[in-house]
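Read top to bottom, the protein sequences are chains W and E. Mapping the first sequence onto the numbering used here, position 248 (from 1) lands on 248, and the numbers just tick up by one. Mapping the second sequence onto the numbering used here, position 397 (from 1) lands on 397, and the numbers just tick up by one. Yeah, the Cβ is synthetic: ideal placement off N, Cα and C, and Gly gets one too.
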Amino acid sequence: MRNERQPRTLPASYADIEFENNAQRLPLVLCLDTSSSMTGPPIQTLNDALRSWTRELHDDVSLSYSVEVAVVTFGGQGVCAWRGAQPLPPQVPVSPFVPAHAFQAPVLGAAGVTLLTEALELAVRIVADRKAELRAGGLQYYRPQICLVTDGLPTDGTGRWTNAWQRLVPTLTDDQLARKYRLYAIGVGDISDMGEQVLKALAPAFNARLHGFPFRELLQMMSASANAEQRGAGDEVFEKIFAQFRTQRPAWEA
Amino acid sequence: MGDGARLVTAPTGQRVLLDGRRVTLGPQPLKGGGQAAVYPVADHRQIVVKLYREPPGAEQERRLERMLTLTPLGGRPIGPGQPPELAWPTAVARGAGGEFLGYAMRRFGEPGHVQLVGLFTRAQRLRLFPERTDWRFMLGVGWNLAFMTARMHYEGLVVGDFSSNNVVVDANGFVTFLDCDSIAFTDPATHEEFPCLMQTADYAAPERLAGGPATRQSDDFALAVLIYQLLTAGNHPFGGVPRDSESETTVKDNIAASRSYVAAPGCVIVPRGVVDPTILPPALLALARRAFGPGVTHPAARPQAQDWLRALDEERRLARVCPDRPRHSHGSHLTTCPWCARAAVTGHDVFNDTSPTGPNPSAASAASRQTKQMHLMQPVQPVHPTQQKRRQRRREQAGPPSRQAPTWLPDTGRPLALGLTILVAVLVLVIVVNLAQGH
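Below you can see the structure in the form of structure tokens.
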């Protein structure tokens, strides 16, 4: 009984809280590394995974009811928030969150530096802004999820390795303790030991270092986690989901 | 699925034994929750296998073994074309060494079966349900839900994890309960008790949120929430945020604090776009207010499935159809169409996509002709109170009715509908002939 009418893409100017749906929302931010080290097959794999995940999200009646997705990328010359497939110019007062059923995957290119610190700051800020918008509309929200994915070390605007990320640690730690969001920090590809240490410091509860570029599994894990959030699962369930995700490594190496 | 994505996953899925027979599962789960994932089975499209994420304990294995000896709700009539009412386990799934991994059940997937939550937004309703899905359909689905709850309680089963995700609806509004492995029951043969250990926060009664067991009354709470959501096209009765806007509040928090705008208007800032609770006919609204007012903290005060069944039954016969817009129907207590009024004020039509790129207007007007026909068909018979009471008593004695009902037409409406269709067809023919002769 499915009527094959595709969800329409929304213009960027669209009033950003869907009027017809006042379900409790689940904001989800994908904070993705698109620096030069991702060039070639990695970025291709990421784009493919985003596309198929988007399709699965549309088809998931339950998730598409309350999940809203925003994308933040760090690469090129800086950081960028995307509203679905559209990059938003900096300082534009438009929310990057799109209801899951209308979300379209961006097509990402890889180049430039790794402004991980700034990207994560942006992710945290858009989540806080979104919460305020939702609250003002009388809408409730589940604990948001931020998923940080990188294959390298944070750099500054000139591509030099930087310690600037350390300034985030106190705020992120407090926020996670205060249950303001769940931060997942995932290292992929040839991320170094030092890179892994950064992720551990940023997201003590949910960090992982994965071989290869298993973006599809990663996004499915985000969906499983969203599903658990909707059920109102306890912390141990999220740990279980994440642990299982982390222990499937051998299959990906093949 | 992109080729790149395929590369990183195993080409074939896990092998498991069902009743000793080896089957191969699909490489990707259809659905993955916190505790388990559901997989398709290669060469057996009609079944799925649910595998627990962690090795389930001996207790869960015992539960499944006992469930396989039972056929709840079996041996009674179900309507023609009606799917089974429970996705009851059909076999235990084991690994090569005989270890217990999960169980098999019949597949109730899209497009034939849609999770109840699919009825809660316009976009999904229009995409996943038949063209004519309207408020009467929602009313009918609510009736079937109440029916199933009453029926299960009658047989000593407690749904336990009752939510908009664990129930699917078909194109006729028949409902099927999924995830039966969490149902609470007492084994009639061995008298073993199997409690329900799962819950979904947005449908959990406060005593369950506080760690209490699943009971009929906790089912009654979830049922009330689901029926309310159906009748308001998706609004959760515990939506809204408290007035001190800094606090982070979820549905779960509002349930725990007994904060419902349905029972206590003004206790929260309601979600923008909320449908006014008075869209519910008075008898149904009274039940809702009982459930979301005193019933929140006093389980015994909650309306039971039978109460909903009776009130919904009355309203099903009386519901009115709007002559102006397709898919608009409403309770008999309203003299004008509330959905039209809402569309006029907000610009948003709860049942129709009114944007320029929406469905074409000719389809809408065709549907509108149809709703006008149905309008004539509504038997508006005021029922005398004593007569009503007598009827009610008769029903109470009889227990729950024996079957779910298709949601499209009340049973008595069918011959009438056929007659009217023929009548209208003849009239149209006459008009067409007249016009042709006029030229």
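Handout entry: phenylalanine 255(W) versus glutamine 28(E) - alpha carbon distance
Key = Since the first and last residues shown for chain W are 1 and 254, residue 255(W) lies out of range.
Handout entry: Extent of the continuous beta strand (DSSP E) to which leucine 26(W) belongs
Key = Note, leucine 26(W): beta strand (DSSP E), 26–34.
Handout entry: chain W within 8 Å of phenylalanine 120(E), Cβ atoms only
Key = Interface residue, yes.
Practice task
Report the residues of the region 118–149 of chain W with a CB closer than 9 Å to any CB of chain E, ordered along the chain.
Solution key: Across the region 118–149 of chain W, CB contacts with chain E closer than 9 Å involve Lys131, Ala132, Leu134, Arg135, Ala136, Gly137, Gly138, Leu139, Gln140, Tyr141, Tyr142, Arg143, in sequence order along the chain.
Handout entry: Test: tryptophan 20(W) CB closer than 8 Å to a CB of chain E
Key = One detail in the question is off: residue 20(W) reads as glutamate in this sequence, not tryptophan. Contact with chain E is found for glutamate 20(W), since one of that chain's Cβ atoms lies less than 8 Å from the residue's Cβ.
Problem - Sheet register partners of proline 40(E) (DSSP bridge) - result: According to DSSP, which records beta bridges pairwise, proline 40(E) is partnered with Val48(E).
Practice task
Mind listing the chain A neighbours of glycine 234(E)? Cutoff is C-beta to C-beta under 8 Å, in chain order.
Solution key: The structure shown has no chain A; the protein chains it does contain are W and E.
Practice task
Mind checking the region 44–64 of chain E against chain W and listing, in chain order, the residues whose C-beta falls within less than 8 Å of any C-beta there?
Solution key: Only those residues of the region 44–64 of chain E whose C-beta falls short of 8 Å from the nearest C-beta of chain W are listed: Arg53, Glu54.
Handout entry: Cβ-Cβ distance between leucine 116(E) and valine 167(E) below 8 Å
Key = Cβ atoms of leucine 116(E) and valine 167(E): closer than 8 Å.
Exercise for the section: Tell me whether tyrosine 141(W) is buried or exposed, calling it buried when 16 or more other Cβ atoms sit within 10 Å of its Cβ. Expected result: It is buried - the Cβ of tyrosine 141(W) has at least 16 other Cβ atoms within 10 Å.
Practice task
Just confirm the distance between the C-beta atoms of arginine 289(E) and valine 262(E), as a whole number of angstroms; I'd bet it's less than 8 Å.
Solution key: Confirmed, about 6 Å.
Handout entry: Within 8 Å, strictly: CB atoms of glycine 112(W) and serine 35(W)
Key = A contact, by the Cβ cut-off of 8 Å.
Problem - Whole-angstrom distance between tryptophan 135(E) and aspartate 175(W), CA atom to CA atom - result: Here the C-alpha atom of aspartate 175(W) lies approximately 43 Å from the C-alpha atom of tryptophan 135(E).
Practice task
Give a yes or no on whether the C-beta atoms belonging to proline 93(W) and alanine 81(W) are separated by under 8 Å.
Solution key: Alanine 81(W) is positioned such that its CB atom lies no closer than 8 Å to that of proline 93(W).
Handout entry: Neighbourhood of arginine 143(W) by C-beta, 7 Å cutoff - its chain only, sequence neighbours within 5 removed
Key = Closer than 7 Å at the Cβ level, and outside the excluded window around arginine 143(W), lie Arg179, Tyr181, Arg182, Glu229.
Practice task
Output the distance between the C-alpha atoms of aspartate 353(E) and alanine 305(E), rounded to the nearest integer angstrom.
Solution key: Roughly 34 Å between the two C-alpha positions.
Problem - the region 272–296 of chain E: positions lying closer than 7 Å to chain W by Cβ - result: Across the region 272–296 of chain E, CB contacts with chain W closer than 7 Å involve Arg272, Gly273, Val274, in sequence order along the chain.
Exercise for the section: Give the range of the beta strand (DSSP E) segment to which asparagine 207(W) is assigned. Expected result: 206–209 is the span of the beta strand (DSSP E), which, as asked, contains asparagine 207(W).
Exercise for the section: Can you give me, in chain order, the residues of the region 190–220 of chain W that have a beta carbon less than 9 Å from any beta carbon in chain E? Expected result: Those residues of the region 190–220 of chain W that come within reach of chain E (Cβ to Cβ, closer than 9 Å) are Gly212, Phe213, Pro214, Phe215, Arg216, Glu217, Gln220.
Practice task
Spatial neighbours of proline 56(E) within its chain, please: CB distance less than 7 Å, with the 5 preceding and 5 following residues excluded, ordered by chain position.
Solution key: Spatial neighbours of proline 56(E) in its own chain (CB-CB distance under 7 Å, excluding positions within 5 residues in sequence) are listed in chain order as Phe100.
Practice task
For the beta strand (DSSP E) containing threonine 176(E), list its first residue and its last residue.
Solution key: Per DSSP, threonine 176(E) belongs to the beta strand (DSSP E) from 175–177.
Handout entry: Euclidean distance between Cα positions of phenylalanine 129(E) and histidine 101(W)
Key = It is roughly 16 Å from the alpha-carbon of phenylalanine 129(E) to the alpha-carbon of histidine 101(W).
Exercise for the section: Please classify proline 277(E): does DSSP put it in a helix, a strand, or coil? Expected result: The DSSP-derived three-state label of proline 277(E) is helix.
Problem - Proximity test, Cβ basis, 8 Å: threonine 249(E) and chain W - result: Interface flag for threonine 249(E) against chain W is set, since a Cβ pair is found closer than 8 Å.
Practice task
Would you identify the three-state DSSP class for glycine 211(E), choosing helix, strand or coil?
Solution key: Coil, per DSSP.
Practice task
Could you list which residues in chain E have their beta carbon closer than 9 Å to that of tyrosine 181(W), in chain order?
Solution key: Among the residues of chain E, none has a CB under 9 Å from the CB of tyrosine 181(W); the nearest is roughly 11 Å distant.
Practice task
Under 6 Å Cβ to Cβ from glutamate 314(E), same chain only, skipping five residues before and after it: list those, please.
Solution key: Hits under 6 Å: none found.
Practice task
Starting from the C-beta of glycine 234(W), find all residues in its chain whose C-beta is less than 7 Å away, skip the five residues before and the five after it, and write them out in chain order.
Solution key: Hits under 7 Å: none found.
Practice task
For chain W, find out if any of its Cβ atoms is closer than 8 Å to the Cβ of valine 448(E); answer yes or no.
Solution key: Residue numbering for chain E in the displayed model covers 1 to 439; residue 448(E) lies beyond these limits and cannot be assessed.
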